[in-house]
Amino acid sequence: MRTLIILGSTGSIGTQALDVVRRNPDRFRVVGLSAGTNHELLVGQIREFLPPHVAIADEEAASDLRERLAGIRGVEVHVGPNAAETLARDAEADMVLNALVGAAGLGPTLATLQAGKTLLLANKESLVIGGELVLDLIKGEPERLIPVDSEHAALAQSLRGERREDIKRVILTGSGGPFRGWTGTELAKASVKEALAHPVWQMGPKITIDSATLMNKGLEVIEAHYLFRLDYSQIHVVIHPQGLIHALVEFRDGSMQAQFSLPDMRLPIQHALAWPERLPTGVGSVPLVDSTLTFEPVDREAFQAIDLAYRVGELGLTFPAVMSAANEVAVMGFLEGKIPLTRIVEIAQAVVDEHQAPSSVVSVVNLERADAWARKRAAEIIEAPR
Ligand SMILES: NC(=O)c1ccc[n+]([C@@H]2O[C@H](COP(=O)([O-])OP(=O)(O)OC[C@H]3O[C@@H](n4cnc5c(N)ncnc54)[C@H](OP(=O)(O)O)[C@@H]3O)[C@@H](O)[C@H]2O)c1
């Protein structure tokens, strides 16, 4: 029996993780759940899984939550913006699944590892922002960081039992999102509704927009760099519209290994929860004879997020944090109808161009400063008359 804390239990990954737990009650016990604002869904989850610890970020939602929990005994409620981090650090558990969205995931990622727990990481932004700090915390114990992102889970599976020196390169696949084949001019007119209609995956709004701009793939390149300690020149991206092959590894003898499955996040989630075992998921088999597999290059002219991600990844220091923060603000700006889709990456690019990295040492303090500065600059650019 493994004990588990789920941060972001009310989100897309969080609810699917609870689905996996529900199917395997003899394998996992939920000892902590956290949400941002959705107290109604959280109450239902608490009633079902009876965790001793709960965290909720929003103070108003917390008072509603407390009222509704009146009849349930033995649940400690942590409240406020740092509640998820407190839960990750202080509650007793074997594993923490970080399924928060955005930079809010950094504190809990570091707290989980500092507390000696195993981190199942869906929140890619925390690795993009604080990759160096994360690597320091898992030195000599790489098995304490297990990827949940489908491409990285695919790489972990394709690399099982292989020798590092045999890896030539890895290839992350992407479906291309809803705007595959669109030109820059067409992209500038894309509506919020169109951008939220991902052809393959059902996900939270931020990652869905990141998938429409391909910023998500850019973040994944940086994520792969830290997770598998690869040079950026060894990390490639290819468009695979069917979303059946999640990533490939090419070895120095020219062989390739790929992970192939239906696009369903319960698979990589169960993979992380049960690692190194596998569990039944209820996910069907790929209909082989009816499947077509095609691959095409990324249109880097129309989707400039990929080149930007390689650039900030190579620069390191606080540059990836700045790109990620500016992107978060610009994604919100797009969702609120303030800017067109194509401005998201332009704004992230402009903020990165203006950034002066503070020093050669990355610390939580200078990451937080860079994050705050990038958010402010991105917001100013969004509001500035054009
Ligand atoms: N969804 C996918 O299929 C998928 C696939 C691969 C990787 N990922 C990665 O997994 C992460 C989560 O994605 P998602 O799609 O599950 O997002 P989501 O559906 O938007 O869920 C985000 C979760 O985080 C909580 N949250 C948001 N802001 C918070 C804050 N400031 N403090 C505390 N809690 C907060 C939300 O709570 P409330 O809803 O209660 O406010 C919710 O539980 C992202 O980093 C994403 O890139 C997702």
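Counting from 31, one number per residue, gives the positions in the sequence shown under this note's numbering. Just so you know, even glycine gets a beta-carbon here, dropped at the ideal spot from N, CA and C. Since we're looking at a predicted model, the values are computed, not measured.
Is the beta carbon of GLN272 closer than 8 Å to that of SER321? yes
Does at least one heavy atom of ligand 1 sit under 7 Å from the Cβ of ASN68? yes
Through-space distance from GLU162 to ILE411, alpha-carbon basis: 29 Å
Could you name the residues of the same chain whose beta carbon sits closer than 8 Å to that of PRO111, not counting the 5 residues immediately before and after it, in chain order? ALA87, ALA134
Verify the contact flag: THR40, CB atom, against every heavy atom of ligand 1, threshold strictly below 7 Å. yes
As assigned by DSSP and simplified to three states, the class of GLY137: helix
Neighbour-count burial assignment, GLN289, 16 or more Cβ in a 10 Å radius: buried
At what residue ranges does the stretch 348–386 contain a whole run of the alpha helix (DSSP H), taking only runs of 4 or more? 349–365, 371–384
Quick check: the Cα distance between ASP294 and LEU34, rounded to an integer number of angstroms? 21 Å
Report back the beta-carbon spacing between GLU280 and LYS198 to the nearest angstrom; my notes put them in contact at under 8 Å. 5 Å
Sequence-distant residues of the same chain with beta carbon closer than 6 Å to PHE325, five excluded per side: VAL268, HIS270
Quick one: complete beta strand (DSSP E) runs, 3+ long, within the stretch 227–279? 265–269
Can you name the start and end residues of the alpha helix (DSSP H) that GLU410 belongs to? 394–413
Which same chain residues, not among the five before or five after LEU72, have their C-beta less than 6 Å away from its C-beta? THR40, ALA65
Can you tell me whether GLN187 is buried or exposed? The criterion is at least 16 other CB atoms within 10 Å of its CB, across all chains shown. buried
Do HIS484 and GLU253 have their CB atoms nearer than 8 Å? No statement about residue 484 is possible, as the shown extent of the chain runs from 31 to 416 and does not include it.
What residue range is occupied by the uninterrupted alpha helix (DSSP H) comprising ARG32? Where ARG32 is concerned, there is no enclosing alpha helix (DSSP H), although the beta strand (DSSP E) it sits in stretches over 32–37.
Just to check, is the beta-carbon of PRO235 closer than 7 Å to a non-hydrogen atom of ligand 2? Among the ligands in the structure shown, ligand 2 does not appear; only ligand 1 can be found there.
Any non-hydrogen atom of ligand 1 within 7 Å of LEU130 CB: yes
I need the straight-line Cα distance from LEU99 to GLU307, nearest angstrom please. 36 Å
DSSP three-state assignment for GLN46, whether helix, strand or coil: helix
In chain order, what are the residue ranges of uninterrupted alpha helix (DSSP H) at least 4 long that sit wholly in the stretch 285–339? 296–304
Less than 8 Å between C-beta atoms, sequence neighbours within five positions excluded: which residues of the same chain meet that for GLU106? PRO82, HIS83, VAL84
Using 10 angstroms around the beta-carbon of ARG22, count the other beta-carbons present and answer buried if the total reaches 16, otherwise exposed. Coverage of the chain is limited to positions 31 through 416, which leaves residue 22 absent and any answer about it impossible.
ALA65, enclosing beta strand (DSSP E) - first and last residue: 58–65
Check this for me: beta carbons of ASP179 and ALA152, under 8 Å apart or not? yes
Out of curiosity, what's the CA-to-CA distance linking ASN246 and LEU347? 20 Å
Pick out the complete beta strand (DSSP E) segments inside the stretch 72–101, 3 residues or longer, and give them in chain order. 83–86
Could you give the distance in angstroms between the alpha-carbon of TYR256 and the alpha-carbon of VAL60? 28 Å
Does DSSP classify PRO149 as helix, strand or coil? Residue 149 is actually Leu in this sequence, not Pro. Correct three-state label for LEU149: strand.
Take ASP240 and list the residues in its own chain whose beta-carbon comes closer than 6 Å to its own, dropping the five residues that flank it on each side. ASN246
Considering only residues of the same chain and omitting the five flanking positions on each side of MET125, which have a CB-CB separation below 8 Å? ARG32, THR33, LEU34, ILE35, LYS147, THR148, LEU149, LEU150, LEU303
Could you check which residue in LEU136, ASP120, GLY74, GLU122 has the C-alpha nearest to that of VAL395? LEU136
Any idea which residues DSSP pairs ASN128 with across the strands? LEU37, LEU151
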